[in-house]
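Colleague: Residue numbers (the working numbering), protein chains in the order written: chain F, 1 to 380; chain L, 381 to 760. All C-beta atoms in this analysis are idealised placements derived from N, C-alpha and C, irrespective of residue type, glycine included.
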């Protein structure tokens, strides 16, 4: 039977038609008033998204490039930093920091959990010379949300500490206002809630972080924030930018701003709640003790390989993500970021019920759906 | 009057319809057999383009990212390298190398000229410990071709020297076969003869260069060649790749391979020859003493500002590039790379004749065209 494939992976996520149209166009030159206008409008829209008037840079790289840029521009060799390492991407902060000679306190946390505030306070008490705390706002590998506001408070209690937040999956899902929260560096990527193909990343930095630019002794060229900042405030870039992604970003930002950031956040909250409650109703267990609204991680039922369940889901039209490293085969992850609505989630849950039955885990058809419908019903 | 804008800038260049179609599609996930198949086919087609069976990596960055990758992966701090610095991009090799602590012999050459073989031999005789020679195959800022085959010979005469070639504008214009020529590292970018939007770069490296990967002591993470190589040979990437650019690259490579690399090279030769002969016929002077077929740089007539001429050209439908740094206002540059044919060049020359007259430099209409037609006529 003819089956459509639907992407429910936590990046890339489906593109809205407006974005597809913007991508499928003849190229324009970047050293033109036409592009500069689009660039500056996009920059302004990014500032609106983050509720800031400060620099928000666009880098031609995937999210990891922006993570690297956060390390090499704002720190120096030997700087002591604390990494909240609660999954695959926390691990990446540690690896990047170690690569560039930072002195890393690697706070390893059980996958699926967030940091412990007492333990954190203890670490900070013993390391008052911390130059930075690096964290994921939403750790997608474990679908876990970390409280960044508390980290900002802790950071601010220290002499010279900046909070570096990987918001790759959280920007556009939560109201991530770095100035209000006290985030010093915030990065995000194009292929998540910004609803674009991968290849563009975004970097915000605070006034406090800006002072580090002059001091940092780590070499950088392609990902040099100072050079980009000089150019981008005038609507240009240091090197040839991903022209068509920037044009498409402007389109997706218009969609997001039209919906409104708080509506956007509310929608994602509802989609995530529907999913969490439905899978629990079906007797399944959530992976995370601090679940994020970006994506929901779920344990496969006892005795069932999560990857077999994913194959079954794919057969009936749904591509969801699996677990990484030691979670492989144990969990599956359903994205909520970006171009999704209530009916998408209901459809996915309907498919999940069928797939679970097919693979030998008997559930009453419609049971999870009903739960999700009840939640959705409150909002429509 | 209604006027279409035509891009004749040396990057970005116009996209073929096949590429636009590939870009304007719903996204697919990169961790799928579907993408892996496309990735491996694209990789194979890149190998065909470069006539090699060795690693050809795709990096999510603009060309400068691949240039940086060439430096940080294949050299160590203090390594002595010779930079052939004959323009804006030669200068970039020097800057990147200096940023990462290489010991740079900066061989500065008058813009518009290529290196002098005797002077080169002399430098090499005095610096037998050279670890690398870095050069542009085609220095686009001055539309100058450098003889890379001679540099390969020189490199090979030394103990442990690798030839690093920026082929960003030359790959797809010339038959650039790195193994035959003896190029150790070759980089190129998407927005030139590969006829794509910017945001993807390509890196080839030789067996000799590969041995450097273990030795290099410069830190790298996002642009780590070893990590990418491990993944890419299996159809994956270390970090999320520019999915839609890779899919579109496969389309443009199919077009290029269908035409045939030698036909491609011949076409560019003809387009460049038509342009050079036409502008000379109009009494104008070429910028370069060693002109490349990628783009043609031309001095504006005596007493005329090249940027005014460019504005006039834009008014009638042609966007050409200007000069950089001290050449600003003195020259203009016409691209031949990629999706151009004989009739495009004739049209551009017709427009140039009109624009020259409009701006006060009297030329006989049709004079340059006739010259270009005569050349074209020999081949059709």
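Cα-Cα, which of F:376, F:346, F:252 and F:289 is closest to residue 19 of chain F?
Modeller: Checking every option, the nearest Cα to that of residue 19 of chain F belongs to F:252.
Colleague: Who does residue 584 of chain L pair with in a DSSP beta bridge?
Modeller: DSSP, once it has assigned bridges, lists L:436 and L:566 as partnering residue 584 of chain L.
Colleague: With distances taken from CA atoms, which of F:61, F:139 and F:234 is nearest residue 242 of chain F?
Modeller: Looking at the Cα atoms, F:61 is the closest of the given residues.
Colleague: Just to make sure I have the definition right: I need the residues of chain L whose C-beta is within less than 9 Å of the C-beta of residue 136 of chain F. Which are they?
Modeller: Neighbours of residue 136 of chain F on chain L: none; closest Cβ ~15 Å, over 9 Å.
Colleague: What are the residues in the stretch 617 to 631 of chain L lying within 7 Å of chain F by C-beta distance?
Modeller: Hits within the stretch, in order: 619, 620, 621, 622, 623, 624 and 625.
Colleague: I'd like the span of the alpha helix (DSSP H) that includes residue 688 of chain L, first residue to last.
Modeller: Start and end: 686 to 695.
Colleague: Touch check for the stretch 293 to 301 of chain F and the stretch 312 to 332 of chain F: three-plus C-beta pairs under 8 Å?
Modeller: Yes, the stretch 293 to 301 of chain F is in contact with the stretch 312 to 332 of chain F.
Colleague: Considering only residues of the stretch 493 to 559 of chain L, which uninterrupted beta strand (DSSP E) runs meet the minimum length of 3 residues and lie entirely inside it, listed in chain order?
Modeller: Whole beta strand (DSSP E) segments, 3+ residues: 512 to 516 and 542 to 546.
Colleague: Evaluate residue 413 of chain L with the Cβ neighbour count: other Cβ atoms within 10 Å of its Cβ, from every protein chain shown; 16 or more gives buried, anything less gives exposed.
Modeller: With fewer than 16 other Cβ atoms within 10 Å, it is exposed.
Colleague: For residue 279 of chain F and residue 273 of chain F, I'd like the C-alpha separation in whole angstroms.
Modeller: Going from the Cα of residue 279 of chain F to the Cα of residue 273 of chain F covers about 10 Å.
Colleague: Name the one or two DSSP bridge partners that residue 104 of chain F has.
Modeller: Looking at the DSSP assignment, residue 104 of chain F forms a beta bridge with F:81.
Colleague: Taking all protein chains shown into account, decide if residue 250 of chain F is buried (16 or more other Cβ within 10 angstroms of its Cβ) or exposed.
Modeller: Answer is buried; the Cβ neighbour count reaches 16.
Colleague: In the stretch 460 to 483 of chain L, which residues sit with their C-beta less than 8 Å from some C-beta in chain F, listed in chain order?
Modeller: Flagged, chain order: 475, 476, 479, 480 and 481.
Colleague: Taking a contact to mean a Cβ-Cβ separation below 8 Å, would you say residue 51 of chain F touches residue 204 of chain F in this structure?
Modeller: No; because the gap between Cβ atoms is not below 8 Å, this pair is not in contact.
Colleague: Please name the residue in F:115, F:169 and F:154 whose C-alpha comes closest to that of residue 67 of chain F.
Modeller: Nearest of F:115, F:169 and F:154 to residue 67 of chain F, Cα basis: F:169.
Colleague: Would you identify the three-state DSSP class for residue 225 of chain F, choosing helix, strand or coil?
Modeller: Helix, per DSSP.
Colleague: Contact between the stretch 88 to 104 of chain F and the stretch 117 to 124 of chain F is defined here as three or more beta-carbon pairs at a separation below 8 Å; is this criterion met?
Modeller: Contact fails: fewer than three Cβ-Cβ distances are below 8 Å.
Colleague: Terminal residues of the continuous alpha helix (DSSP H) containing residue 402 of chain L?
Modeller: Run containing residue 402 of chain L: 397 to 403, per the alpha helix (DSSP H) assignment.
Colleague: According to a CB-to-CB cut-off of less than 9 Å, which residues of the stretch 203 to 226 of chain F neighbour chain L?
Modeller: Result list: 218, 219, 220, 221, 222, 223 and 224.
Colleague: Could one say the Cβ of residue 716 of chain L lies closer than 8 Å to chain F's Cβ atoms, at least one of them?
Modeller: For residue 716 of chain L, the answer is no, since every Cβ of chain F falls outside 8 Å of its Cβ.
Colleague: Restricting to Cα atoms, I'd like to know which of L:600, L:685 and L:604 is closest to residue 735 of chain L.
Modeller: When each option's Cα is compared against that of residue 735 of chain L, the closest is L:685.
Colleague: Where DSSP assigns a beta bridge to residue 194 of chain F, which residues make up the other side?
Modeller: In the DSSP output, where bridge partners are listed per residue, residue 194 of chain F has none listed.
Colleague: So residue 368 of chain F is in the alpha helix (DSSP H); what residue range does that whole segment cover?
Modeller: Looking at the DSSP string, the run of the alpha helix (DSSP H) that includes residue 368 of chain F is 367 to 377.
Colleague: Of all the CB atoms in chain L, is at least one closer than 8 Å to the CB of residue 172 of chain F?
Modeller: By this cut-off, residue 172 of chain F is not an interface position.
Colleague: Find the residues of chain L that neighbour residue 61 of chain F, judging by a C-beta separation of less than 8 Å, and give them in chain order.
Modeller: Per Cβ cutoff of 8 Å: 440, 441, 445 and 602.
Colleague: Going along chain F in order, which residues have a C-beta closer than 8 Å to the C-beta of residue 409 of chain L?
Modeller: Here the neighbours are 7, 9, 12 and 319.
Colleague: When you compare each of F:102, F:46, F:288 and F:94 to residue 254 of chain F by their alpha carbons, which one comes out closest?
Modeller: If we check each option's Cα against that of residue 254 of chain F, F:46 comes out closest.
Colleague: With residue 79 of chain F and residue 132 of chain F assumed to form a contact (beta carbons below 8 Å), what rounded beta-carbon distance in angstroms separates them?
Modeller: 7 Å between Cβ atoms; contact.
Colleague: Within the 8 Å Cβ cut-off, does residue 448 of chain L reach chain F?
Modeller: Yes, residue 448 of chain L counts as interfacial toward chain F.
Colleague: Residue 620 of chain L: which of F:144, F:374, F:290 and F:64 sits nearest, CA to CA?
Modeller: Of F:144, F:374, F:290 and F:64, the residue nearest in Cα terms is F:64.
Colleague: Hey, residue 716 of chain L and residue 675 of chain L are a contact pair by Cβ (cut 8 Å); roughly how many whole angstroms apart?
Modeller: Residue 716 of chain L to residue 675 of chain L, Cβ: 6 Å. Contact.
Colleague: Beta carbons nearer than 7 Å to chain F: which residues of the stretch 569 to 580 of chain L have them?
Modeller: Hits within the stretch, in order: 571, 577, 578 and 579.
Colleague: Determine the contact status of residue 144 of chain F and residue 94 of chain F, defining contact as a CB-CB distance below 8 Å.
Modeller: Going by C-beta atoms, residue 144 of chain F is not nearer than 8 Å to residue 94 of chain F.
Colleague: Leaving aside the five residues before and after residue 728 of chain L along the sequence, list all residues of the same chain whose C-beta is less than 7 Å from its C-beta, in chain order.
Modeller: 388, 698 and 714.
Colleague: Please classify residue 617 of chain L: does DSSP put it in a helix, a strand, or coil?
Modeller: Reduced to three states, the DSSP call for residue 617 of chain L is coil.
Colleague: Using only CA atoms, which one of F:179, F:326, F:246 and F:327 lies nearest to residue 162 of chain F?
Modeller: Minimum Cα distance to residue 162 of chain F is reached at F:179.
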